[in-house]
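Accompanying notes for the structure given below.
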Ligand code: NAP
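Residue numbers (my numbering): 16 to 263.
Right under this line is the structure:
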């Protein structure tokens, strides 16, 4: 890049934070990180941050134009279902280059006992016939489908307290934010006599210790597949994204 250009990072992930940090060393680049504002106390990236939705595709398109954004990097979570589609449409409308930064998905290894599902309703159907004590490693806004399972004891791990109106018959809430290590995951699963873990295929090494512990302990994992994404240029790591910015 020759003149100073503004890169918008759509964040809310560890990758978003690491990328903002890494781009500090690229000359003539100004970085603005954008967060949805879901978490009351988010971990903030270095540099400029804006918080809150853009107001759909139209709002994001207007933002890109008004703020003279030179390029967008979509570093949102693999399970953020909407933002990537909005970014694809808005960048096409505003004629701004877009890159998707997405960590590789987890792949089952020998010893794993995974059942892959497309959504939580499918997970509920699997749990109904196979689980007695389940560990739900998913977002606090995603618990509603599991209230149908009144014969299962749940351990729920979330970053913030789930909504009070979600009523699970038997549930222990563990408030924690990753990364999690193998010894702690093993202890959590064994002390609660968990027979099934429910999670998303988030990928990465911040939260994969529960899968390694499940492999060791022979625990069944019900894992949601990643949602569909628009077909855009993609890299799997920070170095690839920095390289893309340098070549703009
Ligand atoms: P989503 O379904 O893709 O997005 C819903 C709406 O939230 C979007 O339409 C947009 O609102 C706003 N939004 C999302 N990401 C944004 C960002 N980085 N900056 C500004 N606005 C954003 O996403 P979600 O599942 O609700 O997740 C929200 C955020 O949490 C994402 O940034 C994601 O990276 C992070 N996160 C999600 C998960 C997960 O499992 N879903 C896990 C960890 C972190 P407007 O239409 O008004 O622009």
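Quick reminder that beta carbons are idealized off the backbone N, C-alpha and C, glycines included. Quick caveat: nothing in here was measured; it's all calculated off a predicted structure.
Quick one, are the C-beta atoms of residue i and residue j less than 7 Å apart?
i: residue 84; j: residue 111; result: yes
i: residue 221; j: residue 194; result: yes
i: residue 250; j: residue 34; result: no
i: residue 50; j: residue 71; result: no
i: residue 265; j: residue 106; result: The first residue shown for the chain is 16 and the last is 263, placing residue 265 beyond what the model contains.
i: residue 88; j: residue 32; result: no
i: residue 100; j: residue 238; result: no
i: residue 155; j: residue 177; result: yes
i: residue 121; j: residue 218; result: yes
i: residue 165; j: residue 184; result: yes
i: residue 103; j: residue 247; result: yes
i: residue 12; j: residue 37; result: With the chain represented from 16 up to 263, any question about residue 12 goes unanswered, as that position is not in the structure.
i: residue 201; j: residue 131; result: no
Taking 6 Å as the cut-off, is the CB of residue i close to at least one heavy atom of the ligand NAP?
i: residue 23; result: no
i: residue 27; result: yes
i: residue 98; result: yes
i: residue 53; result: yes
i: residue 95; result: yes
i: residue 91; result: yes
i: residue 48; result: no
i: residue 219; result: no
i: residue 69; result: yes
i: residue 126; result: no
i: residue 154; result: yes
Mark residue i as exposed unless 16 or more other C-beta atoms lie within 10 angstroms of its C-beta, in which case mark it buried.
i: residue 147; result: exposed
i: residue 190; result: exposed
i: residue 182; result: exposed
i: residue 173; result: buried
i: residue 262; result: exposed
i: residue 18; result: exposed
i: residue 125; result: exposed
i: residue 170; result: buried
i: residue 144; result: exposed
Can you list, in chain order, the residues of its chain with a C-beta nearer than 8 Å to that of residue i? Leave out the 5 residues immediately preceding and following it.
i: residue 74; result: 68
i: residue 204; result: 150, 212, 225, 228, 229, 232, 234
i: residue 92; result: 27, 28, 217
Got a sec? Which residues, its chain only, sit under 7 Å from residue i by beta carbon, not counting five neighbours each side?
i: residue 163; result: 139
i: residue 196; result: 224
i: residue 109; result: 76, 79, 80
i: residue 64; result: 48, 50
i: residue 59; result: none
i: residue 52; result: 66, 67
Ends of the alpha helix (DSSP H) at residue i?
i: residue 76; result: 71-81
i: residue 106; result: 98-109
i: residue 205; result: 197-206
i: residue 141; result: 135-145
For residue i, report the span of its beta strand (DSSP E) as first-last.
i: residue 215; result: 211-215
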